[in-house]
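Protein chains in written order, with my numbering: chain A, 37 to 625; chain B, 37 to 625. Written below as structure tokens is the structure these notes are about.
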């Protein structure tokens, strides 16, 4: 029990010197990568640079205690930072203490929600975010983030939380472009793109190969930061209008008490819930992908607790919402991290940076940070997914496209809500009109197939239909209509057989419909039968009065049903001597 | 095409003298029954008595033109009247012109929505109202209606749209009971209950049997109205505080132009949508039940158009929302109505009453109308349904109980919204944790069954699992977890076979999960196979890259899968000479 909630007890017991070495090496590499990222995502969230560092200390230590993934690296990430900015921006202006308070409260509430969901085993809530919705949402968020960072590259004013607002204000200020800023921004962006694709081949040619080359490639942002900071300092570019990070407080964060303003909690609740679910979905996907590579297990409910505790830790140490990030986790994994302790060592590295390196950040241009954000988020934008989804399913495409458009036009919260609502609605619509097949017997076999697809024999007195869907409220009436139409249009029908091999569930609405169908057919002197009912469905039906009232029988197989009904028909309508084979007629001929 | 939208063209062409006679007889009986009902439901809706009559003229004629049910009788009904009162009561005080305007607009907007839903074939929207929700909603509405009418029986003040409000205000005014009113109310209620259960046996003993006795039993309210009106007039009880209907305008309604106030439309929109859906569900259930008795067809989409047009007709002739009523339709059917023309003749009867009989209604006590409402709605209250639903499904019970409680505590609109939301949520929750079975081979057969229920053989190298649910976003991650856990906990697993005979659909989220599972298993050197994939699912998978990337095969049957994998395993892990039978091991022994 204790080990379930404190996975550190399990891996900690087997911790040895070799593991320590591996974890330490990974931690050094991740620390170097995380410093510019943390600063950049704080900028994206509209917060002071040091807040990004704060969010990369306590959460990592806490995740090391509670997390079940061996390689996950938590910290500030792009999408969560954008969502924080959108939520806090609705309550206060960037740069005000109220704005910072709101960001801290986002982390705190999100932490409470995630922890509660973990204890209550509500992780399934994250499932409501279907893949097309999350994919569309991340693509749209990436576009919004990239657009929002253009102002730092150009050195102009721009604001807003939707693509339309951002681009409109950006174009209005295009005349104010600051050329030194633009030069830094273009250089940093270009260098980062170059280092992504060309640095590794170059290192390979220089004899640096394998994992080391991969890890070095990831440190491109550090070089960009160093080079542009030096240039700004040397050329005093800050005096020419280049926006710099400026004075960053030195030292570890103090203990923060989150706001307990009830009204503020009410305003933050929905954004906090959305950021929790989006953050969790990213976290659990990354964790499972990495765990599978080493056949390790991840406990989805415990991950909720761990991510929740990390966010609570972030909130009480002056940080903002954190998530398990994809790229940093992959770096951590590739660099050889073997336990969550690597995250704790990374936290120590960031803490050291906070204590000693912040003076070096004074001349760091915001344009460089914006460039690292743009290059990072452009990899999130997955437009080919639109094509793939279109090819696979028009409904899923509709959910994805709607999520993208609503997010771009109305912001992140509306985008997610619209996407989730639409994907649930489309699912219900699809199952409300299930695939049904009128079936007949494949001659010479005991198999029954769709009369539209196969050459089968049917009896005009027996209407056999297979429904390829669970029977539940969205399609309950559909079944009533189907049977009513069939019986009304063919006066010879004396028996209806519902073939149920694909019916995984019959809910109370469908039970009521079956009872109505049975009663209506009885009024019309038609008998209702079932066949191939699954065990769990049959168990449940036995708890109702339906089986007592059923005018016909429940047959194990459709063949049994026809075999039993045909002789009766023979007696009743075709004379006693005729047998099943003799009374087969082919529908449609 | 014309006949589809004007069913009158079809049955009208075959109309003859016999049909006319039958329809006329039914119309006379329904007219007599409908007059007190119409007055009572207008009272329930908080509207002047004549509005009930107006709502029983134009809508009936219009339904006769557009309706596909031969026996449905539209007009004011209890639940729709309560919903009208709740919606209009939020906008204006009863008795004000604004209140009446809101009620007319409810009918108009509901008519527009229903007609549009009919043309757009959106009838499936009504399916979202699951049976437990509609049943719970009607029970709760019945309780609220009965409680709200108690004030007329007692002659005291009471108001509110929730059970709590109504009972609280009622108790506060209990000291004001008017004894003559109470006497009339108790007499009328008692007589109506008596006539429901005892009148028919009495008539039978008097030699009146069969349908005539049944129809006469239904006219109890007319006797109650006549007796109490006469008594009130003769004893001048109105001067002793008995509330009477009073002066009712004589003559046919004029043409009403509904309000085009945009703000009012916005406020009425949600209640109008809810009343549309609730009314449609009742209408289509009644229509299908009656149609089935004569093997007739009802077109659900055309019924939307017909009900919508009826409501538009009600709105422009000063009426309020109408619905196909259960009890009056049964009376119409039992009285021998053969075509919708019976409804038109009923309308003519009500129109005559409006022109000539309204002066007789002056001394009609409101207590009598309240008694007819109470007796009518108590039959709607179906508490045994709670027990039945509990026995059948705890989840459906939860949706029903929540609908009842929220309706009683927060009113009809919140009740429906909560019920629909909860039933959708519970459905998603249920399918998010589908029934899965790890399967093994039944010895000596080609069948594969749950290893927990049957004595089957399995191979430690092959993990075969059957998911009894469509794969879609709420359970996509569940499948990932399931496979990841299995593979992590049994290092010998080399092959995973997903058995899919119950998978009716694979959406884009589940496809993504299958791709992730495939990739993760590949990283762990495990091969993924599918078996028994349905045709439509296979067609769709073929439109993605999944089948190209799949590390294993898609087998027609689970037996084929094992047959193909076992020799490989034999070669790889057990030596080339061993065969399938030899390498069978029984799991759990």
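We put the beta carbon where it would ideally sit given N, CA and C, even for glycine.
Of the residues the options, the one placed nearest residue i, counting alpha carbons only
i	options	result
residue 147 of chain B	B:418, B:521, B:344	B:344
residue 591 of chain A	A:564, A:185, A:169, A:170	A:564
residue 141 of chain A	A:588, A:350, A:394	A:350
residue 427 of chain A	B:579, B:67, B:134	B:579
residue 294 of chain A	A:431, A:353, A:44	A:353
residue 335 of chain B	A:324, A:461, A:514, A:127	A:514
residue 40 of chain B	B:136, B:342, B:83, B:586	B:342
residue 62 of chain A	A:247, A:278, A:211	A:247
residue 200 of chain A	A:359, A:447, A:55, A:178	A:447
residue 488 of chain B	B:501, B:481, B:497, B:298	B:501
residue 474 of chain B	B:504, B:456, B:457, B:445	B:504
residue 368 of chain A	A:468, A:464, A:228, A:70	A:70
Any chain A beta carbon closer than 9 Å to residue i
i	result
residue 365 of chain B	no
residue 164 of chain B	yes
residue 50 of chain B	no
residue 565 of chain B	no
residue 416 of chain B	no
CB contact check: residue i to chain B, cutoff 9 Å
i	result
residue 329 of chain A	yes
residue 530 of chain A	no
residue 247 of chain A	no
residue 353 of chain A	no
residue 463 of chain A	yes
residue 369 of chain A	no
residue 550 of chain A	no
residue 144 of chain A	no
residue 334 of chain A	yes
residue 156 of chain A	no
residue 471 of chain A	yes
residue 584 of chain A	no
residue 40 of chain A	no
Burial state of residue i (16 or more Cβ within 10 Å)
i	result
residue 415 of chain B	exposed
residue 526 of chain A	exposed
residue 594 of chain B	buried
residue 155 of chain A	exposed
residue 495 of chain B	buried
residue 581 of chain A	exposed
residue 53 of chain B	exposed
residue 241 of chain B	exposed
residue 38 of chain A	exposed
residue 493 of chain B	buried
residue 49 of chain B	exposed
residue 73 of chain A	buried
residue 391 of chain A	exposed
residue 545 of chain A	buried
Element boundaries [beta strand (DSSP E), containing residue i]
i	result
residue 486 of chain A	484 to 486
residue 502 of chain A	498 to 503
residue 475 of chain B	472 to 477
residue 431 of chain B	That residue, residue 431 of chain B, is in no beta strand (DSSP E); its alpha helix (DSSP H) goes 430 to 446.
residue 534 of chain A	531 to 535
Unbroken alpha helix (DSSP H) run spanning residue i, endpoints
i	result
residue 167 of chain A	167 to 190
residue 200 of chain A	199 to 208
residue 142 of chain B	133 to 155
residue 231 of chain A	215 to 241
With 8 Å as the C-beta to C-beta threshold (strictly closer), list the residues of the region 496 to 524 of chain A near chain B in chain order.
504, 505, 506, 508, 509, 510, 511, 512, 513, 514, 516, 517, 520, 521, 523, 524
Return the residues of the region 440 to 460 of chain A that lie within a Cβ-Cβ distance of less than 8 Å from chain B, sorted by chain order.
459, 460
Contact set between the region 277 to 292 of chain A and chain B, restricted to residues whose Cβ is under 9 Å from the partner:
none
Residues within the region 304 to 331 of chain A neighbouring chain B, beta-carbon criterion of under 9 Å:
317, 320, 321, 324, 325, 327, 328, 329, 330, 331
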